[in-house]
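**Student:** Quick note: the sequence shown uses the numbering used here, first residue 1383, plus one each step.
Dropping a structure here in structure tokens format, bear with me for questions.
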Amino acid sequence: MPDVSVRLATTADRPVVERLWLMFRHDMSEFGGLLPNADGTFRSDRLHMAFSEPGWAPYLLTSGDRPAGFAFVRSLTAPTRVLNSFFVVRGARRARIGLHAVLEIAARHPGSWEVAFQDANVAAVHFWRRVATEISGDAWTEDRRPIPGRPELPPDVWISFNTPGKTYG
1383 MPDVSVRLAT TADRPVVERL WLMFRHDMSE FGGLLPNADG TFRSDRLHMA FSEPGWAPYL
1443 LTSGDRPAGF AFVRSLTAPT RVLNSFFVVR GARRARIGLH AVLEIAARHP GSWEVAFQDA
1503 NVAAVHFWRR VATEISGDAW TEDRRPIPGR PELPPDVWIS FNTPGKTYG
């Protein structure tokens, strides 16, 4: 099992998650051709919602005593939960930290899940298919949906699966 801890992020963790958010948005800018704002930041509405809106849960991933990533879950009170944003720092990738974190988060919120990513992000394509298979075997689906308000962008890929809430590891 990888050296990873997954816990709900608190307001005290927010500065760390904000810095991780910049890394995440920087990574994602490759797939949408987005540049940072004039002040060097990126759009952060999901970051703010994760810490302030009902039905959202921000998780901080750590490896030992160091931050390794984050996950934002939304729609916790809806029939289907959405893994809205997920990030593992480059130095922690390919060590099963991301897989372990998603399995643990999904087990904490049993039921139906969806996660979106871009076809152009080849690593994400492989990762999310592996996650869905690990959780649901071959009982998961994949479809493409247009991005609301962004007809110039290719559609997002959405993977849907169910988790019974068992412990993984």
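Every residue gets a Cβ at the ideal spot worked out from N, C-alpha and C, and that includes glycine.
Keep in mind it's a predicted model, so treat the numbers as computed, not measured.
Just the C-alpha distance for residue 1546 and residue 1493, rounded to the nearest angstrom, thanks.
**Tutor:** So the two alpha carbons sit approximately 6 Å from each other.
**Student:** Around the Cβ of residue 1533, are there at least 16 other Cβ atoms within 10 angstroms (buried) or fewer (exposed)?
**Tutor:** Label assigned to residue 1533: exposed.
**Student:** Are the beta-carbon atoms belonging to residue 1535 and residue 1516 less than 8 Å from one another?
**Tutor:** In this structure, residue 1516 does not lie closer than 8 Å to residue 1535 by Cβ.
**Student:** Please report whether the beta-carbon of residue 1499 lies at a distance below 8 Å from any beta-carbon of chain B.
**Tutor:** As a matter of chain content, chain B is missing from the structure shown, which is built from one protein chain.
**Student:** Let me know if residue 1551 comes out buried or exposed under the rule of 16 or more other beta-carbons within 10 Å of its beta-carbon.
**Tutor:** For residue 1551, the pLDDT reaches just 46, beneath the cut-off of 50, and the residue's location in the model is therefore unreliable, although a value from the coordinates is still provided. Under this definition residue 1551 is an exposed residue.
**Student:** In chain order, which beta strand (DSSP E) runs of at least 3 residues are fully inside the region 1420–1483?
**Tutor:** Qualifying beta strand (DSSP E) stretches, in chain order: 1439–1445, 1448–1456 and 1462–1470.
**Student:** By DSSP, does residue 1389 sit in helix, in strand, or in coil?
**Tutor:** Reduced to three states, the DSSP call for residue 1389 is strand.
**Student:** On the DSSP bridge list, what partners appear for residue 1504?
**Tutor:** Note: residue 1504 sits in no beta bridge, so no partner.
**Student:** I need the boundaries of the beta strand (DSSP E) containing residue 1498, first residue and last residue.
**Tutor:** Its beta strand (DSSP E) spans residues 1493–1499.
**Student:** Suppose you measure from the CA of residue 1437 to the CA of residue 1480; what does that come to, to the nearest Å?
**Tutor:** Cα-Cα distance, rounded: 23 Å.
**Student:** Over what stretch of residues does the beta strand (DSSP E) that includes residue 1527 continue unbroken?
**Tutor:** Element bounds for residue 1527: 1523–1527.
**Student:** Within 10 angstroms of its Cβ, does residue 1463 collect 16 or more other Cβ (buried), or is it exposed?
**Tutor:** Answer is buried; the Cβ neighbour count reaches 16.
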